[in-house]
Amino acid sequence: MKLIAGNWKMFKGPGETRAFCEAFDPPAGVEAVLCPPFVSLPAAVESGHTIFAQNVHWADDGAFTGEVSAPMLLELGVTGAIVGHSERRQYFGETDETVARRTVAGLEAGLRVIACVAESLEERESGQMDLVLRLQVEAIAEAAGPHEQLLIAYEPVWAIGSGLTATPEQAREVHAFIKSLLDVPVLYGGSVKPENAEELLSQEGVDGALVGGASLDVESFTALCRIAADL
Ligand code: PGA
Numbered sequence: 268m269k270l271i272a273g274n275w276k277m278f279k280g281p282g283e284t285r286a287f288c289e290a291f292d293p294p295a296g297v298e299a300v301l302c303p304p305f306v307s308l309p310a311a312v313e314s315g316h317t318i319f320a321q322n323v324h325w326a327d328d329g330a331f332t333g334e335v336s337a338p339m340l341l342e343l344g345v346t347g348a349i350v351g352h353s354e355r356r357q358y359f360g361e362t363d364e365t366v367a368r369r370t371v372a373g374l375e376a377g378l379r380v381i382a383c384v385a386e387s388l389e390e391r392e393s394g395q396m397d398l399v400l401r402l403q404v405e406a407i408a409e410a411a412g413p414h415e416q417l418l419i420a421y422e423p424v425w426a427i428g429s430g431l432t433a434t435p436e437q438a439r440e441v442h443a444f445i446k447s448l449l450d451v452p453v454l455y456g457g458s459v460k461p462e463n464a465e466e467l468l469s470q471e472g473v474d475g476a477l478v479g480g481a482s483l484d485v486e487s488f489t490a491l492c493r494i495a496a497d498l
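One rule links them: number in my numbering = place in the sequence shown (from 1) + 267.
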């Protein structure tokens, strides 16, 4: 079964979250996950849908202003977390080391974890893609191993919010490379929408999608879930 996760990023407060969740009725045959901002998690959990956070800290508690821990998420009914999204790496100083620490803490506490890896366009074009991805995946693999609650999301930075997507062949190749380093399900992310989802999701080794923009609209996210369920 494919997993389709909607990463809402910094969109939708509790009111909009409630409205989305009431209207959202994913088909059987797909694992649909919503990842709202922290403040909207209670409203989302109440809806009964599967809810992941967009980040999780490595400590259970402590003097870490602005962070949220795995036990806090679990208390709320949240069952997983994204870690290491490229926006966290790019704007908030997230490193391979902090991503690994967040991943392990989440898994050990009992959360499912979607750990993100990505190369930039510059890294791809200068032939450094394999090295960059290897370092990112190995940091996670060394810390967590092929844990059954762990997923990787491959989200080429140049394809996020840009309207550009990796070709199905590019996605298949990179997913195979990632799985050769760490044998866990690998989601594809980067401008996934109903128009390109079938082609991407039907590639070998593409176990689902992490969706940004197209997950904000209940109709397009439901359409994506339907496509994944029908494959
Ligand atoms: P996008 O975002 O689907 O808007 O490109 C993907 C992501 O960053 O999760």
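Note that the Cβ used here is the ideal one computed from N, Cα and C, for glycine as well.
Fair warning: this is a prediction, and the values are worked out from it, not measured in the lab.
Within the chosen limit of 6 Å, the ligand PGA reaches the beta carbon of GLY457 through at least one heavy atom. Closest in C-alpha terms to HIS414, from the list VAL371, PHE444, ALA311 and GLY430, comes VAL371. A straight-line Cα-Cα distance of about 22 Å links SER482 and GLY472.
Apart from the 5 residues on each side of it in sequence, GLY475 sits with its Cβ closer than 6 Å to the Cβ of LYS269, LEU270, ILE271 and LEU454 in its chain, given in chain order.
Between the ligand PGA and ASN463, a heavy atom-to-CB distance of less than 6 Å is absent. In the structure shown, LYS269 adopts extended strand secondary structure according to DSSP, grouped into three states. In this structure, DSSP gives GLU313 a helical state, which the three-state scheme calls helix.
An exposed status is given to ASP328, since fewer than 16 other beta-carbon atoms sit within 10 Å of its beta-carbon.
In this structure, the ligand PGA has no non-hydrogen atom nearer than 6 Å to the beta-carbon of ILE407. In this structure, the CA atom of ILE349 is about 5 Å from the CA atom of GLN321.
In the three-state reduction of the DSSP assignment, GLU409 falls in the helix class, which pools H, G and I. Distances between the C-beta of LEU477 and the heavy atoms of the ligand PGA include at least one below 6 Å.
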